[in-house]
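Residue numbers (the UniProt record's numbering): 1 to 253. For glycine and all other residues, C-beta sits at the position ideal for the given N, C-alpha and C. None of these values were measured; they are calculated from a predicted model. One structure is given below, encoded as structure tokens.
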Amino acid sequence: MQQITVQTDNAICVVGINRPEKKNALTADMYQAMADAVNAASADTNVKVVILTGIGEHFTAGNDLGEFLADPSMDEDSSVYCFLQAIARCEIPMIAAVEGFAVGIGCTLLLHCERVICDSTARFAFPFVNLAIVPEAASSLLLPRLVGYQQAAHLLLTGDTFDANEALEMGLAAEKTETGEALQTAMTYAEKLTGKARGALVATKQLLRRDDEPVQDRLHHELAIFVEKLQAPAAKEAMTAFMEKRKPDFTGL
Numbered sequence: 001m002q003q004i005t006v007q008t009d010n011a012i013c014v015v016g017i018n019r020p021e022k023k024n025a026l027t028a029d030m031y032q033a034m035a036d037a038v039n040a041a042s043a044d045t046n047v048k049v050v051i052l053t054g055i056g057e058h059f060t061a062g063n064d065l066g067e068f069l070a071d072p073s074m075d076e077d078s079s080v081y082c083f084l085q086a087i088a089r090c091e092i093p094m095i096a097a098v099e100g101f102a103v104g105i106g107c108t109l110l111l112h113c114e115r116v117i118c119d120s121t122a123r124f125a126f127p128f129v130n131l132a133i134v135p136e137a138a139s140s141l142l143l144p145r146l147v148g149y150q151q152a153a154h155l156l157l158t159g160d161t162f163d164a165n166e167a168l169e170m171g172l173a174a175e176k177t178e179t180g181e182a183l184q185t186a187m188t189y190a191e192k193l194t195g196k197a198r199g200a201l202v203a204t205k206q207l208l209r210r211d212d213e214p215v216q217d218r219l220h221h222e223l224a225i226f227v228e229k230l231q232a233p234a235a236k237e238a239m240t241a242f243m244e245k246r247k248p249d250f251t252g253l
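As structure tokens, then:
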């Protein structure tokens with residue numbers, strides 16, 4: 001049985017964590033397979049969106065602690081590091097479809113997604129201090145930006161579990177669905193993005209992910225990309241399609 005499944009269709013790459021008998025706890029081999037899948041999707045000009053999901057009742061319960069204790073390596077050659085770099089560097093939008101447990105890395109990876117969709121069964125936790133370690137995946141930076149310092153401090157210092165409604169309220173999740181509908185909702189959202197020009201999606205994500213900078217610096221950076229994209233064939237097709245009252249065709253653009 002493949003513990004990481006990869007299915008690419010209609011410009012959407014769905015990466016599934018498939019170890020349901022262990023609540024989708026992650027091993028080194030699984031991290032490497034996910035890293036390879038995300039890197040390949042990001043490099044494939046025919047793919048516009050990545051969806052990360054869990055197969056079965058859970059997203060992921062985090063690291064397989066037995067394996068992690070036996071080999072806790074986190075150097076730059078480790079599969080864990082490769083995966084963290086893959087999600088941080090992914091050029092195209094990433095969507096997470098979360099059901100059941102999203103624990104540890106199952107939570108921190110969400111901070112690298114452009115949209116998180118969870119169902120009513122979702123349960124989240126950043127349990128690092130409870131294991132006498134610290135958070136990873138740049139979560140100590142990204143979580144306060146997303147939910148505010150006080151809320152982030154509470155989540156990271158206590159490791160408390162919280163539910164879908166709380167995730168939605170604090171902004172960790174963008175949408176809550178009925179039980180079992182998170183992946184289908186994520187697919188519907190992804191399909192909306194596949195109708196856009198890939199270059200515009202990539203450039204917009206890059207702008208969104210830039211570090212804080214003075215307003216004038218951002219204004220000039222945006223304008224430079226705006227002019228570049230305006231002169232590209234995709235913009236001509238988009239504007240022509242708008243005037244002709246049809247859907248744009250970005251095939252090959």
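I'd like to check one pair, residue j with residue i: are the Cβ atoms closer than 8 Å?
{"i": "Ile105", "j": "Leu230", "result": "no"}
{"i": "Ile92", "j": "Val134", "result": "no"}
{"i": "Thr185", "j": "Glu175", "result": "yes"}
{"i": "Ala137", "j": "Leu157", "result": "no"}
{"i": "Gly180", "j": "Glu99", "result": "yes"}
{"i": "Pro20", "j": "Gly66", "result": "no"}
{"i": "Arg198", "j": "Thr8", "result": "no"}
{"i": "Thr5", "j": "Asn18", "result": "yes"}
{"i": "Thr194", "j": "Ile12", "result": "yes"}
{"i": "Val129", "j": "Gly159", "result": "yes"}
{"i": "Leu172", "j": "Leu146", "result": "yes"}
{"i": "Thr161", "j": "Phe124", "result": "yes"}
{"i": "Gln151", "j": "Met170", "result": "yes"}
{"i": "Ser79", "j": "Gln32", "result": "yes"}
{"i": "Leu155", "j": "Leu143", "result": "yes"}
{"i": "Val38", "j": "Val50", "result": "yes"}
{"i": "Pro248", "j": "Ala238", "result": "yes"}
Starting from residue i, follow the beta strand (DSSP E) in both directions and report where the run begins and ends.
{"i": "Glu107", "result": "Going by the sequence as given, residue 107 is Cys instead of Glu. Per DSSP, Cys107 belongs to no beta strand (DSSP E); it is in the alpha helix (DSSP H), 105-108."}
{"i": "Met74", "result": "Taken as a continuous stretch (DSSP letters only), Met74 belongs to no beta strand (DSSP E), as it is neither H nor E."}
{"i": "Gly16", "result": "12-17"}
{"i": "Phe124", "result": "123-125"}
Under a three-way DSSP split, which group does residue i fall into?
{"i": "Thr179", "result": "coil"}
{"i": "Leu219", "result": "helix"}
{"i": "Gln7", "result": "strand"}
{"i": "Thr158", "result": "helix"}
{"i": "Gly56", "result": "coil"}
{"i": "Ala97", "result": "strand"}
{"i": "Ala203", "result": "helix"}
{"i": "residue 258", "result": "This structure cannot settle anything about residue 258, because the visible part of the chain is limited to 1 through 253."}
{"i": "Asn130", "result": "helix"}
{"i": "Val227", "result": "helix"}
{"i": "Ala61", "result": "coil"}
{"i": "Ala197", "result": "coil"}
{"i": "Ala186", "result": "helix"}
{"i": "Ala102", "result": "strand"}
Would you please state the rounded distance, in angstroms, between the beta carbons of residue i and residue j? I believe it to be under 8 Å.
{"i": "Cys90", "j": "Ser139", "result": "So it is not a contact: roughly 16 Å between Cβ atoms."}
{"i": "Ile95", "j": "Ile117", "result": "7 Å"}
{"i": "Phe101", "j": "Ala61", "result": "5 Å"}
{"i": "Ala190", "j": "Asp119", "result": "With a Cβ gap of about 16 Å, Ala190 and Asp119 do not count as contacting."}
{"i": "Ala241", "j": "Leu253", "result": "Not quite, the Cβ-Cβ distance comes to about 12 Å (not below 8 Å), so this is no contact."}
{"i": "Phe126", "j": "Cys107", "result": "5 Å"}
{"i": "Thr53", "j": "Ala122", "result": "Between Ala122 and Thr53 the Cβ distance is about 12 Å, and since that is not below 8 Å, they are no contact."}
If you follow the alpha helix (DSSP H) that residue i is in, where does it begin and where does it stop?
{"i": "Met32", "result": "One detail in the question is off: residue 32 reads as Gln in this sequence, not Met. Looking at the DSSP string, the run of the alpha helix (DSSP H) that includes Gln32 is 28-43."}
{"i": "Met239", "result": "233-243"}
{"i": "Val147", "result": "139-147"}
{"i": "Val80", "result": "79-89"}
{"i": "Ala164", "result": "164-170"}
Worksheet entry | Cβ contact (3+ pairs, closer than 8 Å) linking the stretch 213-227 and the stretch 112-125 | No, they do not touch.
Fill in: Any 3 or more C-beta pairs closer than 8 Å across the stretch 62-82 and the stretch 208-221
Look at the beta carbons and you see the stretch 62-82 not touching the stretch 208-221: under three pairs across the two are nearer than 8 Å.
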